[in-house]
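Q:
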Amino acid sequence: MKHIEKIKFWAGITLIFFAVLGGLIFYLESFEVIDPLFIYDTSSVWKAYDSSSMTPIFLGLCGIAGAMLLNNVKYSSTVSEN
0 MKHIEKIKFW AGITLIFFAV LGGLIFYLES FEVIDPLFIY DTSSVWKAYD
50 SSSMTPIFLG LCGIAGAMLL NNVKYSSTVS EN
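Here it is, written out as structure tokens:
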């Protein structure tokens, strides 16, 4: 792969990982699994009414952007016939 293709690949993986991790945090927070595990009050982060409604939209856009980047990666074969 060329350098720009490697950047596309790793950026796509990072964006998808970020979206999945954020979704997993939301899922576990809805069943109050995360709150007893930490000393800090993590529930107050998701109850902030000024910004928490945009977080799922942001995570969804990160997942879509990562999928589009991975879809546009052009893989080159490194196998050569001798």
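All residue numbers for the sequence shown refer to numbering that gives the first Met the number 0, where the first residue is 0 and numbers rise by one.
Backbone N, C-alpha and C define an ideal beta-carbon position, used for all residues, glycine too.
Being a predicted model, the structure only gives us computed values, none of them experimental.
(1) Return helix, strand or coil for Ser-75, following the three-state DSSP convention.
(2) With burial defined as no fewer than 16 other Cβ atoms inside 10 Å of the residue's Cβ, what is the status of Ile-36: buried or exposed?
(3) Can you name the start and end residues of the alpha helix (DSSP H) that Met-53 belongs to?
(4) Assuming the contact rule is C-beta atoms closer than 8 Å, Leu-14 and Gly-59 should be a hit. Round their C-beta distance to whole Å, please.
A: On the basis of the data shown:
(1) In the structure shown, Ser-75 sits in coil (DSSP, three-state: anything other than H, G, I, E or B).
(2) Reading the sequence as shown, one finds Leu at residue 36 and not Ile. By the 16-neighbour rule on beta-carbons within 10 angstroms, Leu-36 is exposed.
(3) No alpha helix (DSSP H) contains Met-53, which DSSP labels as neither H nor E.
(4) Their Cβ separation, rounded to whole angstroms, is 11 Å, which puts Leu-14 and Gly-59 out of contact at 8 Å.
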